[in-house]
Amino acid sequence: MLDVRDLLEFIGEDIKTCRPVYQLRNPKEPHTLQKLKAAGYVERKIKTTEGREVKAWITAN
6 MLDVRDLLEF IGEDIKTCRP VYQLRNPKEP HTLQKLKAAG YVERKIKTTE
56 GREVKAWITA N
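Per this note's numbering, the very first residue in the sequence shown carries number 6; after that it's consecutive.
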């Protein structure tokens, strides 16, 4: 069974919260999305410290 960190790729930090921002390594599959949400991640439109606006995964808390 894969760890949540194996599903994500680090792409930068959120400019507002300074939290790490991730993108999925594999295509979106229902069980992958459920696993990420259960681990406390949410998908949001985020502006990174590099100035890119992306829809990516960030920790909810």
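Virtual Cβ for every residue (Gly too), placed ideally from N, Cα, C. Keep in mind it's a predicted model, so treat the numbers as computed, not measured.
Residue interval of the alpha helix (DSSP H) (run including PRO35): Stepping through the sequence shown from its first residue, residue 35 is reached at position 30. Run containing PRO35: 35-43, per the alpha helix (DSSP H) assignment.
Rounded straight-line distance, which links the Cα of HIS36 to that of GLY17: For the purposes of this step, residue 17 is taken as the residue at position 12 of the sequence shown. For the purposes of this step, residue 36 is taken as the residue at position 31 of the sequence shown. Rounded to the nearest angstrom, the two C-alpha atoms are 25 Å apart.
Residue from CYS23, TYR46, ASP8 with nearest C-alpha to GLU55: Position 50 of the sequence shown, counted from the first residue, corresponds to residue 55. The shortest C-alpha separation from GLU55 is found at CYS23.
Per-residue burial, VAL26 [other beta carbons within 10 Å of its own, 16 or more giving buried]: Mapped onto the sequence shown, residue 26 falls at position 21. Under this definition VAL26 is a buried residue.
Residue of ARG49, ARG30, VAL59 minimising C-alpha distance to ASP11: In the sequence shown, residue 11 corresponds to position 6, counting from 1. Nearest option by C-alpha distance: ARG30.
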